[in-house]
Each structure stands twice: as structure tokens, then as C-alpha cells.
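Numbering (the working numbering), first residue to last: 293 to 496.
For glycine and all other residues, C-beta sits at the position ideal for the given N, C-alpha and C.
Working notes, structure below.
Quick look at the structure:
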């Protein structure tokens with residue numbers, strides 16, 4: 293897939309997906325930390341430092357979705373509306389299976405940016421040598437995400453009971469008070485990127 297990739301959303305906004313620039317790292321880290329502190333989709337319970345963000349998000353490839361001026365597709369930078377990473381899910385002999393993580397600006401949710409990033413990831417991943425995508429911890433309460441990935445061909449291959457500790461008032465570990473916590477399951481999702489290998493694996 294050749295980057296950047298442009299798209300006009302239903303609301304008329306023009307967006308572009310491209311590789312993240314070094315100058316955008318802090319913006320993406322801030323957005324990730326906002327999502328983390330919402331406590332509804334990512335396993336971390338505290339904001340990530342610069343080093344923690346680099347170790348988690350910048351292992352391999354990182355991409356952003358920028359808001360564009362509709363009349364100027366030469367624009368290099370713009371407001372970041374979403375971001376995702378793409379990296380091996382396992383080391384060494386299993387590194388051909390990738391993992392990805394996605395975030396969208398709260399004010400931009402529901403506009404189709406998540407689907408745009410998901411479709412782009414599925415097109416980019418094979419060009420980076422991956423033959424499958426695996427998501428390790430999709431919270432069972434994250435219904436929009438589960439519906440999105442199912443519509444993009446993912447299968448739930450496992451369920452981890454009580455994997456996630458949610459705090460309904462979203463204060464959680466920041467106070468040390470866990471009296472409001474409840475646990476929910478997490479789903480493991482998988483999608484092959486190679487139809488021939490998928491057919492062969494079903495024969496086992």
C-alpha cells in the first residue's frame with residue numbers, strides 16, 4: 293500500500309493516513325494516555341512515560357490519521373485524529389503474526405476513523421511480511437471494537453475469564469481504592485492474511 297492514503301468521511305472531512313513523524317510522538321503519547329485513563333480499552337492503569345510509550349508503541353511501525361484541508365493534499369501535517377501501531381505479536385519464529393493497537397480522538401469517534409485505520413492495517417500488514425493478525429486483549433465490554441473486527445473478518449479464538457479489572461467510576465488505581473472494581477472477560481481475536489495458509493490450517 294502506498295502512503296499516504298486519503299479518505300473523505302461521511303461528514304465531509306478529508307483525512308489522510310501516513311507514517312507517524314518524530315514530531316508527532318508526544319501528541320500520540322498524550323492521546324494514548326487519555327485513552328488509558330478512560331480505563332475501558334487498554335490494559336495499562338497509569339499514563340505512559342516517554343520511555344514506556346516508546347517501548348510499547350514504537351517497537352516497529354507507527355501510523356497516524358491526520359485531518360486534511362480538502363483542497364490541499366500536499367499537506368504534510370495536520371490535527372491527529374487517530375493512530376495505530378503495528379508490531380510482531382511474538383518473537384523469532386512466530387514474528388510473522390502481528391499485533392496492532394488503535395486509538396481515536398474522543399471528539400472524532402463514530403465518524404469511521406477506526407474502520408479506516410483497520411482496513412489500512414490489513415492492507416499494510418502483508419507488505420511488512422506478516423501473514424496473520426492477532427489481538428490479545430479485546431475487552432468483552434468493548435462492543436464497538438468487537439463488531440468492527442468481526443465485520444473485517446476476525447474470529448474470536450479464545451476468551452480469558454475475568455481478565456480485565458474495570459472501575460465503573462474510572463478512578464481505579466489512581467487512588468488505590470478498588471472497591472468499585474468489577475472484572476470482565478477479554479477476547480482473543482485472529483485473522484489470517486493468507487488465504488492459502490488459512491485453508492491448510494483448517495485441515496489439521
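Residue environment, residue 386, which counts as buried when at least 16 other CB atoms sit within 10 Å
exposed
Is the beta carbon of residue 313 less than 9 Å from the beta carbon of residue 409?
no
Outcome for residue 293 when other beta-carbon atoms lying within 10 angstroms are tallied against a minimum of 16:
exposed
Sufficient close CB pairs (3 or more, under 8 Å) joining the segment 472-489 to the segment 429-439:
yes
Cα-Cα separation, residue 445 to residue 356:
23 Å
Could you name each continuous alpha helix (DSSP H) segment of 4 residues or more that falls completely within the segment 314-357, going from the start of the chain to the end?
With a minimum length of 4 residues, the continuous alpha helix (DSSP H) runs that stay inside the segment 314-357 are 317-330 and 342-349.
Throw me the rounded Cβ distance for the residue 339 and residue 327 pair, which I believe falls under 8 Å.
Contact doesn't hold; Cβ gap of about 10 Å is too wide.
With distances taken Cα to Cα, identify the nearest neighbour of residue 360 among 454, 388, 320 and 301.
301
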